[in-house]
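If you use UniProt numbering, the sequence shown corresponds to residues 1 to 306, in order.
The C-beta atom is built at its ideal place from N, Cα and C for all residues, glycine as well.
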Amino acid sequence: MRVLFAGTPAVAVPSLDALIKAGFDVVAVLTRPDAPLGRKRVLTPSPVAARAAELGIDIIHASKVDAETTGRIAAAQPDVAAIVAYGGLIPRAALDVPRHGWVNLHFSLLPAWRGAAPVQRSVIAGDDVTGAVTFRLEEGLDTGPVFGTLTESVKPTDTAGDLLERLSHSGAVLLGQTLAAIDAGKAAPQPQSGDVSLAPKLGLDDGRLDWQQPALALNRRSRGVTPEPGAWTTLDGQRVKLEPVALRPEFKDLAPGAVRVEGKSVFVGTGSHAVELGRIQPAGKKMMSSADWARGLATPERVVFE
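Quick look at the structure:
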């Protein structure tokens with residue numbers, strides 16, 4: 001079966017590799033254009049583009065699937081299109097090109113967390129279980145009927161990056177199984193059922209920690225926004241980046257945002273009990289341990305995050 005693969009970030013690469021390993025004929029890859037990265041803003045191919053180049057697969061770079069891009073997709077003559085975090089909408093004209101349609105690997109248990117940031121939103125919400133599904137792509141936002149499902153427990157220390165890494169590999173297996181079932185004429189997608197929740201893309205403000213909130217909410221948020229867009233707070237009007245904070249319920253007498261240093265541990269008060277800082281990156285400096293940061297404070301007992 002001839003497959004068009006659409007994807008952009010690193011989490012899509014295991015799916016591309018899995019399809020190649022399973023013997024599918026990946027005739028082309030659709031991915032976002034090269035993007036400027038780093039301080040020098042060097043144009044860099046997407047992880048999927050880089051992997052496709054290594055594999056010798058034709059690459060279609062497109063930030064938008066317009067008529068020209070649709071024509072290039074049609075010229076590849078795919079039987080089916082597999083899409084994993086491509087990062088753009090697929091219009092009806094392109095959806096109609098493959099005879100078996102488009103199969104989307106989505107990292108949630110649909111209809112929960114429809115949208116661009118399902119894993120991040122799941123962690124922030126405190127879900128105990130999430131997963132991945134393959135479904136037939138439609139013009140609606142993640143509304144199509146489901147081919148297959150897998151579940152994954154959310155560990156208490158999982159960041160969104162940790163969880164997404166595991167799902168990228170288990171989901172790749174699920175995607176391969178789904179395409180094999182379609183090729184064999186045995187796929188039977190079922191309509192989605194259950195409560196709908198939305199997972200819009202995270203912005204910088206989603207990473208800000210409000211110390212008036214309970215410790216558990218701050219723990220979940222700091223894990224859910226790691227690695228991107230990252231947790232942060234402010235000190236003396238400057239943004240300070242933080243790695244995930246840990247729960248420390250034994251400290252209940254700290255005011256929200258107030259800092260306490262005990263040995264090599266740094267605690268911050270919240271709306272309930274304290275949390276412990278992991279690593280911290282003050283404005284203009286590199287990421288460092290909270291203990292190293294605290295050693296540079298003249299009067300840590302007067303430090304209050306805003």
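Since V13 and L19 should fall inside the 8 Å C-beta cutoff, what is the C-beta to C-beta distance between them, to a whole number of angstroms?
Not a contact, Cβ separation roughly 11 Å.
Runs of alpha helix (DSSP H) wholly within the segment 65–112 (minimum 4 residues, chain order):
67–75 and 92–95
Which whole runs of the alpha helix (DSSP H) in the UniProt domain "Formyl transferase C-terminal" (205–297) are 4 residues long or more, in chain order?
215–224 and 290–295
From the DSSP output, which residues share a beta bridge with E152?
T130
Can you round the beta-carbon distance between P111 and G194 to whole angstroms, since I take them to be within the 8 Å contact cut?
6 Å
Cβ neighbours of V240 in the same chain (closer than 8 Å, five flanking residues each side left out)
W232, T233, T234, I280, Q281, P282, A283 and F305
Let's see if you can read the secondary structure: which residues bound the alpha helix (DSSP H) around R166?
A160 to D183
The alpha helix (DSSP H) enclosing V42, as first and last residue numbers:
Looking at the DSSP string, V42 is not in any alpha helix (DSSP H); the run it does join, the beta strand (DSSP E), is V42 to T44.
Quick one, which of P214, L242 and V123 has its alpha-carbon nearest L254's?
P214
Under the rule that 16 or more other beta-carbon atoms within 10 Å means buried, what is V119, buried or exposed?
buried
Helix or strand or just coil, what does DSSP make of V29?
strand
Please classify Q192: does DSSP put it in a helix, a strand, or coil?
coil
Which two residues bound the contiguous alpha helix (DSSP H) that contains L55?
P47 to L55
V11 - DSSP class collapsed to helix/strand/coil:
helix
On the premise that T44 lies in contact with T8, defined as a C-beta separation below 8 Å, what is that separation, rounded to the nearest angstrom?
About 12 Å; that fails the 8 Å criterion.
Pull up the distance between the alpha-carbon of L216 and that of A67, whole angstroms please.
48 Å
Could you give the DSSP three-state label for R136: helix, strand or coil?
strand
Verify whether the separation of the beta carbon atoms of P227 and G278 is less than 7 Å.
no
Within 7 Å, strictly: CB atoms of V266 and A246:
no
If you draw a straight line from the C-alpha of A181 to the C-alpha of A274, how long is it?
51 Å
Alpha carbon to alpha carbon, how far is A258 from G144? Give it in angstroms, no decimals.
48 Å
On a Cα-Cα basis, can you pick out the residue from L218, T178, L198 and A298 that is closest to G101?
T178
Proximity winner among G185, G271 and K264, relative to P249 (alpha-carbon distances)
G271
Quick check on the burial criterion: 16 or more other C-beta atoms within 10 angstroms. Buried or exposed for H106?
buried
Beta bridge counterpart(s) of I60 as assigned by DSSP
L30
Given this structure, state the Cα-to-Cα distance separating T157 from R51, to the nearest angstrom.
30 Å
Would you list the one or two residues that DSSP bridges to L37?
V42
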